[in-house]
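One line per chain: the protein sequences are H and A, in this order.
Reminder that position 332 of the first sequence reads as 332 in the UniProt record's numbering, one-by-one numbering, no gaps.
Reminder that position 54 of the second sequence reads as 54 in the UniProt record's numbering, one-by-one numbering, no gaps.
Single-structure report; data block below.
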Amino acid sequence: MRETPLSNCERQFLLKAIEEKKRLDGRQTYDYRNIKITFGTDYGCCIVDLGKTRVLAQVSCELVAPKENRPTEGILFLSLELSPMASPIFEAGRQSELLVKLNRLLERCLRNSKCIDTESLCVVSGEKVWQIRVDVHVLNHEGNLMDAASIAAIAGLCHFRRPDVGIQGDEVTVYGPEERDPVPLSIYHMPICVSFAFFLEGTYLLVDPSEREERVMDGLLVIAMNKHREICSIQSSGGIMLLKDQVLRCSKIASVKVSEITDLINRALENDRKARKEGGKFGFAELMAVQRITALKSDEVSIEMSDGDAGAPSVAITTESPPEVGRVPSPVVRAPGAGQVGESLENAWGLEQLEEEEDQPGDEVMDEGLEIKEENQRQEKSKGEVVVISDSEEEEVVILNPKTQVKESTLHASQSQPQSTGAAKKKKKQQKKKPVH
Amino acid sequence: MRSRLATTMEVDGLSAFSLREFGCEQNLLSRPDGSSSFVQGDTSVLAGVYGPAEVKISKEIYDRATMEVVIQPKVGLPGVKERAREQCVRETCEAALLSTLHPRSSLSLVLQVVHDDGSLLSCCLNAACMALMDAGLPMGCLFCGVTCAIDPEGHIVTDPTAQQEKDSRAVMTFAIDSAQHRVMMSSTKGSFSVNELQQCIAVSQRASEKIFQFYRESVRRRYSKTV
């Protein structure tokens with residue numbers, strides 16, 4: 001689906017409001033929307049809500065061979081997905097410009113800043129290392145996906161535990177969570193992206209732009225920073241000219257925001273750790289806002305099967321038994337590779353005619369299926385040779401035992417001849433079709 | 001065989017079948033026309049619906065709406081398993097929706113697996129139904145999904161966890177409609193007898209009553225004036 005374009009008056013309204021230092025959702029220039037970080041039941045599963053923007057991150061790991069030029073380093077793999085749930089303009093599996101840009105930014109923010117110790121992920125040098133995979137799914141697009149994605153990814157990495165590994169001689173054992181407690185990743189620092197939107201040739205600046213604001217902005221500056229005030233990556237897009245002072249001011253704002261967000265992540269991690277330690281319930285199911293009018297929870301319910309009918313067994317007894325398998329003409333196995341058009345289907349064409357004609361000889365039967373069966377049986381009696389029988393009305397009911405059955409097959413052929421005058425065309429068609437099969 | 005089933009019913013007492021606690025939240029995402037999250041025990045699925053909306057010309061159907069279902073796994077890209085589930089969900093939705101009321105338009109349903117702890121397909125179906133309801137799309141009936149597992153001793157477990165599914169001999173999922181409690185879709189894995197299948201269907205039909213009751217309560221709550 002195409003994106004609904006923003007009308008001129010909407011655009012002007014938004015810009016006018018920004019000029020007057022007002023934002024549609026009532027925030028101040030440097031305000032972030034509310035950030036909510038929740039962790040799932042799995043290790044490394046994290047949902048971040050940034051206002052109405054929602055992002056899900058899941059960290060997983062597997063043992064792989066390392067890269068040739070770095071035999072002692074583990075691998076960090078990042079993959080951001082724009083789920084079609086997030087916005088009608090996103091299509092599943094399509095590489096859009098936005099997707100590439102976000103993926104690249106996330107890689108620079110997390111991998112190139114070397115925030116996790118990849119050497120500790122080495123199991124056997126040059127043979128086996130852990131690959132840590134971070135899947136980020138955008139669930140609802142209401143602006144500033146980059147900040148939400150970076151928070152979700154780093155929070156997921158901090159929350160993640162990988163299985164413990166034991167090495168004895170050449171033997172590598174991966175312990176399950178029951179045998180040994182899984183170990184956390186060693187994380188050096190937590191880089192977090194902060195986005196700044198610029199309007200009217202860089203005159204006005206807003207932190208954490210919403211989706212509407214993103215559509216009228218002239219340029220975007222993304223700064224990835226950790227709480228030690230180290231800039232991990234910086235990117236300006238949209239082609240606006242920024243002054244040195246503006247960039248410095250942005251980096252100062254970013255450092256404040258980053259320390260706030262880092263605190264928030266740490267608090268969320270601490271809460272989750274406590275909940276797990278106490279053995280209480282944790283995960284998304286527990287975090288559902290039950291007080292909301294749109295939400296409802298029910299306790300475990302049991303299903304009574306007591307009243308009378310007891311359902312199934314009686315159904316099973318009373319229902320008609322399935323038709324006997326013998327009624328259906330058993331599939332005829334020809335020579336390997338041979339086939340026929342319309343095979344395995346019962347042919348109802350010209351049955352009556354056939355019946356009438358076949359009634360006269362007396363020894364034939366009414367039903368074609370039965371006929372085949374009978375013939376089959378007869379064959380079995382007479383030494384059980386291979387039979388090739390067709391259920392078509394044409395004459396190829398042949399290759400019977402030549403000694404005993406010649407008579408019958410010729411009889412058959414002669415019967416079919418008169419009625420197959422009309423079917424001659426059809427026969428041609430069938431023959432034409434054959435090579436296709 | 002029948003005698004064994006009969007004893008199973010007796011031995012287990014009749015309260016052997018139970019559904020894990022379940023929860024649902026509707027309208028939780030701002031962008032989609034309808035959204036819901038459905039939780040069964042630890043299994044959790046998030047659903048979003050867009051539509052009726054403009055349809056690609058190549059996918060246009062002249063007398064009804066085109067239904068698309070996408071299931072996003074949590075890790076990695078969607079594979080064959082997801083495709084199979086998508087088809088099950090799509091066919092159920094197509095049967096329930098009155099898509100002829102919106103010809104030449106698209107309905108797209110996106111399901112995101114948030115946590116898989118067994119009975120995933122039934123959770124997907126429930127989340128899908130709640131999201132379609134939230135989007136206000138016309139439906140002939142509601143539907144719900146129930147998963148049954150048969151353990152090696154022949155006992156039936158409803159709404160199994162991932163571990164129970166793993167230990168079981170057969171797993172079956174049914175989509176059941178709200179009007180006549182008939183089976184709309186079934187997806188089975190493993191081997192079982194005709195009797196066991198009938199028994200599972202009967203149990204699922206009973207379980208569906210509970211789920212429809214839950215649907216009703218949640219909608220009532222949503223449209224009530226006081227919380």
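Just so it is clear, CB atoms sit at the ideal spot from N, CA and C, and this is done for glycine as well.
Since this is a predicted model, take the numbers as computed values, not measurements.
Identity of the residues DSSP links to residue i by a beta bridge
i, result
"Gly93 (chain H)", "Answer by DSSP bridge pairing: none, since Gly93 (chain H) is not bridged."
"residue 458 (chain H)", "Here chain H has residues from 1 to 437 only, and residue 458 (chain H) is not among them."
"Ser35 (chain A)", "A:Gly48"
"Met172 (chain A)", "A:Cys148, A:Thr188"
"Asp177 (chain A)", "A:Phe143"
"Gly166 (chain H)", "H:Thr173"
"Ile71 (chain A)", "A:Leu111"
"Val183 (chain A)", "A:Ile176"
"Val89 (chain A)", "Per DSSP, none; premise fails for Val89 (chain A)."
"Ile156 (chain A)", "A:Ile150"
"Leu197 (chain A)", "DSSP output for Leu197 (chain A) lists no bridge partner at all."
"Glu179 (chain H)", "In DSSP, Glu179 (chain H) forms no bridge with anything."
"Lys297 (chain H)", "A:Gly23"
Rounded separation between residue i and residue j - CA only
i, j, result
"Leu80 (chain H)", "Leu110 (chain H)", "13 Å"
"Ser7 (chain H)", "Lys225 (chain A)", "36 Å"
"Gly13 (chain A)", "Ile156 (chain A)", "The predicted position of Gly13 (chain A) is uncertain, since its pLDDT is 40 and thus under 50; a value taken from the coordinates is nonetheless stated next. Gly13 (chain A) and Ile156 (chain A): Cα-Cα distance of roughly 12 Å."
"Gly76 (chain A)", "Pro88 (chain H)", "22 Å"
"Lys128 (chain H)", "Pro177 (chain H)", "20 Å"
"Glu91 (chain H)", "Ser108 (chain A)", "11 Å"
"Ser187 (chain A)", "Asp116 (chain A)", "18 Å"
"Asn34 (chain H)", "Asp49 (chain H)", "8 Å"
"Val219 (chain A)", "Ser125 (chain H)", "58 Å"
"Asp159 (chain A)", "Arg206 (chain A)", "13 Å"
"Gly41 (chain A)", "Leu248 (chain H)", "50 Å"
"Thr173 (chain A)", "Asn126 (chain A)", "12 Å"
"Ser302 (chain H)", "Thr4 (chain H)", "48 Å"
"Leu137 (chain A)", "Leu97 (chain A)", "7 Å"
"Phe13 (chain H)", "Glu217 (chain A)", "43 Å"
"Ala128 (chain A)", "Ser255 (chain H)", "42 Å"
"Pro103 (chain A)", "Arg2 (chain H)", "19 Å"
"Asp25 (chain H)", "Arg212 (chain H)", "11 Å"
"Asp134 (chain A)", "Ile293 (chain H)", "13 Å"
"Asp170 (chain H)", "Asp181 (chain H)", "23 Å"
"Pro78 (chain A)", "Thr203 (chain H)", "44 Å"
"Pro84 (chain H)", "Gly93 (chain H)", "9 Å"
"Glu209 (chain A)", "Ser44 (chain A)", "21 Å"
"Ile234 (chain H)", "Ile261 (chain H)", "18 Å"
Nearest to residue i (by Cα), restricted to the options the options
i, options, result
"Glu20 (chain H)", "H:Ser83, H:Leu205, H:Val256, H:Asp135", "H:Leu205"
"Met67 (chain A)", "A:Ser58, A:Pro73, A:Arg90", "A:Arg90"
"Ile37 (chain H)", "H:Pro163, H:Ala152, H:Gly26, H:Arg2", "H:Ala152"
"Ile253 (chain H)", "H:Glu270, H:Ala275, H:Asp117, H:Arg229", "H:Arg229"
"Arg23 (chain H)", "H:Ile116, H:Ile47, H:Val256, H:Asp208", "H:Asp208"
"Ser237 (chain H)", "H:Leu98, H:Glu260, H:Arg292, H:Glu211", "H:Leu98"
"Val59 (chain H)", "H:Thr41, H:Gly51, H:Thr4", "H:Thr41"
"Leu121 (chain A)", "A:Glu209, A:Met185, A:Gly154", "A:Met185"
"Val74 (chain A)", "H:Ser120, H:Leu139, H:Phe13", "The question names Val, but residue 74 (chain A) in the sequence shown is Lys. Per the Cα distances, H:Leu139."
"Met217 (chain H)", "H:Cys232, H:Ser195, H:Ile231, H:Ser233", "H:Ser195"
"Ile116 (chain H)", "H:Glu304, H:Asn144, H:Leu102, H:Cys158", "H:Cys158"
"Ala202 (chain A)", "A:Gln180, A:Gly190, A:Arg222", "A:Gln180"
"Glu62 (chain H)", "H:Ser150, H:Lys114, H:Asp164", "H:Asp164"
"Asp151 (chain A)", "A:Gly190, A:Cys124, A:Asp167", "A:Asp167"
"Arg161 (chain H)", "H:Cys250, H:Asn112, H:Gly44, H:Leu82", "H:Gly44"
"Ile192 (chain H)", "H:Glu278, H:Ser113, H:Val64, H:Arg54", "H:Ser113"
"Arg221 (chain A)", "A:Cys24, A:Arg20, A:Ser18, A:Leu19", "A:Cys24"
"Val110 (chain A)", "H:Leu269, H:Leu82, H:Val123", "H:Leu82"
"Ser35 (chain A)", "A:Val49, A:Ser44, A:Thr43, A:Phe22", "A:Val49"
"Val171 (chain A)", "A:Asp177, A:Phe214, A:Thr161", "A:Thr161"
Any non-hydrogen atom of the ligand MG closer than 6 Å to residue i Cβ
i, result
"Phe77 (chain H)", "For the structure depicted, the ligand MG is absent and the ligand set is empty, with no information on it obtainable."
Check whether the stretch 85 to 97 of chain A touches the stretch 26 to 33 of chain A, counting contact only when three or more Cβ pairs, one atom from each stretch, lie closer than 8 Å.
The stretch 85 to 97 of chain A vs the stretch 26 to 33 of chain A: no contact.
Are at least three pairs of beta-carbons, each pair with one atom in the stretch 176 to 190 of chain H and one in the stretch 233 to 253 of chain H, less than 8 Å apart?
Proximity of the stretch 176 to 190 of chain H to the stretch 233 to 253 of chain H falls short of the contact definition, fewer than three beta-carbon pairs being nearer than 8 Å.
Every unbroken beta strand (DSSP E) inside the UniProt domain "Exoribonuclease phosphorolytic" (32 to 163) of chain H [3 residues or more]:
If we require 3 residues or more, the beta strand (DSSP E) runs fully inside the UniProt domain "Exoribonuclease phosphorolytic" (32 to 163) of chain H come out as 35 to 39, 45 to 50, 53 to 64, 75 to 82, 122 to 124, 128 to 140.
Are the stretch 70 to 78 of chain H and the stretch 131 to 147 of chain H touching, with three or more C-beta to C-beta distances below 8 Å?
With the cut-off at 8 Å, the stretch 70 to 78 of chain H and the stretch 131 to 147 of chain H touch.
Would the stretch 15 to 29 of chain H and the stretch 194 to 208 of chain H be scored as touching if the rule is three or more Cβ pairs under 8 Å?
The answer is yes - the stretch 194 to 208 of chain H touches the stretch 15 to 29 of chain H, with three or more Cβ pairs under 8 Å.
At what residue ranges does the stretch 189 to 233 of chain H contain a whole run of the beta strand (DSSP E), taking only runs of 3 or more?
Taking only runs of at least 3 residues, the beta strand (DSSP E) segments lying wholly in the stretch 189 to 233 of chain H are 192 to 199, 204 to 207, 219 to 225.
Could you check whether the stretch 136 to 145 of chain A touches the stretch 93 to 102 of chain A, counting it as contact only if at least three pairs of C-beta atoms, one from each stretch, sit closer than 8 Å?
When C-beta atoms of the stretch 136 to 145 of chain A are compared with those of the stretch 93 to 102 of chain A, three or more pairs fall below 8 Å, so the two segments count as touching.
Would you call the stretch 257 to 269 of chain H and the stretch 151 to 169 of chain H touching, i.e. three or more CB-CB distances under 8 Å?
Yes, the stretch 257 to 269 of chain H is in contact with the stretch 151 to 169 of chain H.
Does the stretch 53 to 73 of chain A come within contact of the stretch 189 to 202 of chain A, defined as at least 3 CB pairs closer than 8 Å?
Between the stretch 53 to 73 of chain A and the stretch 189 to 202 of chain A there are fewer than three C-beta pairs closer than 8 Å, too few to call the two in contact.
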